[in-house]
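Following the working numbering, the numbering of the sequence shown begins with 185 at its first residue and continues without gaps.
Okay, structure first, notes after.
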Amino acid sequence: MTSIGPEHDRQTGYEDVPYKFDDSDPVIRRRVRVIVGELYYRQFYILWALTVAYYLLVVVRDIVSAPADVALWLHVSNATVLTSLALTYIFERVGKIGAANIYLAPIPTALAMVINVYLHVILTGDVNTIARGLLVIMAFSVVSMLPWVFWLLAGFATISHICIAYEVMGPESTTMIGVGIGALMVSYGGFVVRYNSIREQARLNLLNQERAEKLEQLARAKDEFIANMSHELRTPLTGLMGMVDLLDKADLRNEERHYLNTAKTSAETLRIVIDDILSLSKLGAGKLALKVEPFDLNLLLSEVAEMMAVGATNKGVGLALKLPPEPLPILIADQSRLRQILFNLLGNAVKFTNEGQVVLAAEEMGVSENNLTIRLSVEDTGVGIAAHDLERLFNRFEQADSSSTREQAGTGLGLAICRELADLMGTRIEVESKLGAGSRFWFDLTVGISDEKPKPGRASKDDPRSVQTLLEMPFKVLVAEDNPVNQMLIKKLTSAGNWLPVFVSDGKQALEASADQKFDFILMDIQMPVMNGEVAASAIRTGDNPNKTTPIFALTANCLPEDVERYLSLGMTDSIAKPIKFDEFYQTIAKHLAI
185 MTSIGPEHDR QTGYEDVPYK FDDSDPVIRR RVRVIVGELY YRQFYILWAL
235 TVAYYLLVVV RDIVSAPADV ALWLHVSNAT VLTSLALTYI FERVGKIGAA
285 NIYLAPIPTA LAMVINVYLH VILTGDVNTI ARGLLVIMAF SVVSMLPWVF
335 WLLAGFATIS HICIAYEVMG PESTTMIGVG IGALMVSYGG FVVRYNSIRE
385 QARLNLLNQE RAEKLEQLAR AKDEFIANMS HELRTPLTGL MGMVDLLDKA
435 DLRNEERHYL NTAKTSAETL RIVIDDILSL SKLGAGKLAL KVEPFDLNLL
485 LSEVAEMMAV GATNKGVGLA LKLPPEPLPI LIADQSRLRQ ILFNLLGNAV
535 KFTNEGQVVL AAEEMGVSEN NLTIRLSVED TGVGIAAHDL ERLFNRFEQA
585 DSSSTREQAG TGLGLAICRE LADLMGTRIE VESKLGAGSR FWFDLTVGIS
635 DEKPKPGRAS KDDPRSVQTL LEMPFKVLVA EDNPVNQMLI KKLTSAGNWL
685 PVFVSDGKQA LEASADQKFD FILMDIQMPV MNGEVAASAI RTGDNPNKTT
735 PIFALTANCL PEDVERYLSL GMTDSIAKPI KFDEFYQTIA KHLAI
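Structure below.
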């Protein structure tokens, strides 16, 4: 291959491309041939149609003007070429001819064409027909994909041209023979230019494939790193927050309780940061999918407002919820992501408001037979945002006040996640604000209207009596958890009642323990050595395991909706997020056990 040169590669951004293929490598050679074949393959129907059209004209001409004594032979020869073209088309349509072997497709037809041309010369004695042979030689610069194919076809055509010209014209054939050789040289020049151009495209395509593969590998590595880091951070955080919650139940002095509350707040802040980074990673990789289902927006808004009410009350800030006069219908959307957006917006409003009030509002903007457009807004009387800061407000790791002396802490990820989630849901968050006069964030969301009743949410309040009854039951529990601190925490949680826990440290041990005895339910960590929780749960659900129908609860740091869906698809009953919250731990178990 002829290289275009390093200067061209530097200008086009391909300076890291090898200037030549390593043709000694059969893998590279095969990949290049396929890429080149794909480029030729795009021209298959054009060349095929032109050849068919030309030979139909030849057939018509022979029917009209061919001498009667040789017409049969000419018709047979024409029919042979057309048959070859027909077979080529059929083989392509049934998949026998593709990018990998397209270089072989023109060979039989081209050889038949050469024989056909010079058969016309011999049988009709028409010297002018030799010019058709010159055109065929020239055409091989286009239809040949590989050098050996070109020399096979062009060589055969040129030798045939020389022999037939000498046979028909005798000593006067010198000029015609020279023209034939000239046609071969011109054809070869055209082939070289075209071949090198195609090879250069193949080179760049090969590079792009390799780059795409590397980017895919990097993306997978990043996802694995984020997932592993999330697990590695959440695991000790689970132990930390669990021990803090246990201490919170102890009889502490006021000063000690103050220190404990500070530690609890710091741990919760760290958990939120970890969640934000994981969500942002999923969004950036395009791997965060919406889970669309019927839900009650009235209930969702009430829950979000209720969650933020305590923080607002502690700051002396009013929190109001404004709903439409008529109850909203059951809607169809991803309520988990919608809750995440509203919680972030409302949380920011409370955080940056020191006096006055924060209002969470819903307003119908339009309704059709099957869809409702609703405007959701959060308005506050807080510090406001300067006009020049609004443009970068939704950038990752950006805050309106990014100075080292800013009053409010944060990573600057919340609004970036809200904007990207809103984009994923087909809407856009807008903001209007005035420094010192508060802010208003809103977005218009078009969602479907459902006749179905919403499924009970995970956040629904359970009867405290069912939790108390749960603790009094003499349950035998299999706990698969490899972290010693988390084992200690779960032991404390299970010892609050009459449960008998059996601890194992990996999925293989859990599978073996479940095969030996019956349990009332199983707590299964997901990321464990030897065998992970997903594989273990799937194995328990198959075969003759005595715990085939036993409730299995995933204990996991990976608790995004798509992760939970995967656990449920493997036969798990539900999931409990790490860091473990005591109330949620008991309520989730109570919800699925007959007590």
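In this text, a Cβ means the ideal position worked out from N, Cα and C, and glycines have one as well.
Between residue i and residue j, what straight-line distance do the alpha-carbon atoms span, to the nearest angstrom?
i: residue 428; j: residue 480; result: 35 Å
i: residue 360; j: residue 304; result: 17 Å
i: residue 560; j: residue 673; result: 40 Å
i: residue 494; j: residue 722; result: 42 Å
i: residue 446; j: residue 633; result: 44 Å
i: residue 231; j: residue 327; result: 8 Å
i: residue 255; j: residue 332; result: 35 Å
i: residue 808; j: residue 335; result: The chain is shown only over 185 to 779; residue 808 falls outside these bounds and no answer can be derived.
i: residue 363; j: residue 295; result: 20 Å
i: residue 651; j: residue 441; result: 27 Å
i: residue 485; j: residue 572; result: 31 Å
i: residue 789; j: residue 368; result: Beyond the ends of the chain as shown, which are 185 and 779, falls residue 789; an answer cannot be given.
i: residue 777; j: residue 549; result: 43 Å
i: residue 717; j: residue 738; result: 8 Å
i: residue 770; j: residue 540; result: 38 Å
i: residue 544; j: residue 526; result: 9 Å
i: residue 663; j: residue 504; result: 44 Å
i: residue 772; j: residue 686; result: 20 Å
i: residue 523; j: residue 607; result: 15 Å
i: residue 684; j: residue 604; result: 46 Å
Can you tell me which of the three DSSP states residue i falls into?
i: residue 478; result: strand
i: residue 665; result: coil
i: residue 315; result: helix
i: residue 578; result: coil
i: residue 692; result: helix
i: residue 536; result: coil
i: residue 755; result: coil
i: residue 525; result: helix
i: residue 343; result: helix
i: residue 772; result: helix
i: residue 701; result: coil
i: residue 291; result: helix
i: residue 310; result: coil
i: residue 767; result: helix
i: residue 510; result: coil
Comparing alpha-carbon positions, which option in the options lies nearest residue i?
i: residue 694; options: 685, 477, 683 and 708; result: 708
i: residue 754; options: 433, 724 and 632; result: 724
i: residue 260; options: 229, 297 and 291; result: 297
i: residue 712; options: 670, 486 and 752; result: 670
i: residue 317; options: 775, 488 and 365; result: 365
i: residue 403; options: 454, 465 and 313; result: 465
i: residue 680; options: 767, 419, 485 and 313; result: 767
i: residue 521; options: 351, 610, 306 and 356; result: 610
i: residue 482; options: 249, 233 and 546; result: 546
i: residue 173; options: 769, 222 and 238; result: Only positions 185 to 779 of the chain appear in the structure, and residue 173 is not among them; the question remains open.
i: residue 375; options: 355, 748, 330 and 353; result: 330
i: residue 511; options: 313, 682, 556 and 497; result: 556
i: residue 601; options: 491, 636, 682 and 456; result: 456
i: residue 180; options: 355, 319 and 416; result: Outside the displayed range of the chain (185 to 779) lies residue 180, so it cannot be described from this structure.
i: residue 431; options: 444, 352, 420 and 697; result: 444
Spell out the partners DSSP gives residue i in its beta bridges.
i: residue 541; result: 502
i: residue 708; result: 664 and 738
i: residue 626; result: 561 and 614
i: residue 555; result: 632
i: residue 550; result: 557
i: residue 684; result: 660
i: residue 761; result: 740
Could you give the residue range of the beta strand (DSSP E) that holds residue i?
i: residue 515; result: 515-517
Between residue i and chain C, is there a C-beta pair that is closer than 9 Å?
i: residue 691; result: In the structure shown, chain C cannot be found, because there is only a single protein chain.
Could you spell out the range, first to last residue, of the alpha helix (DSSP H) harbouring residue i?
i: residue 724; result: 717-725
i: residue 437; result: Careful: residue 437 lies outside any alpha helix (DSSP H) and carries neither H nor E.
i: residue 259; result: 252-277
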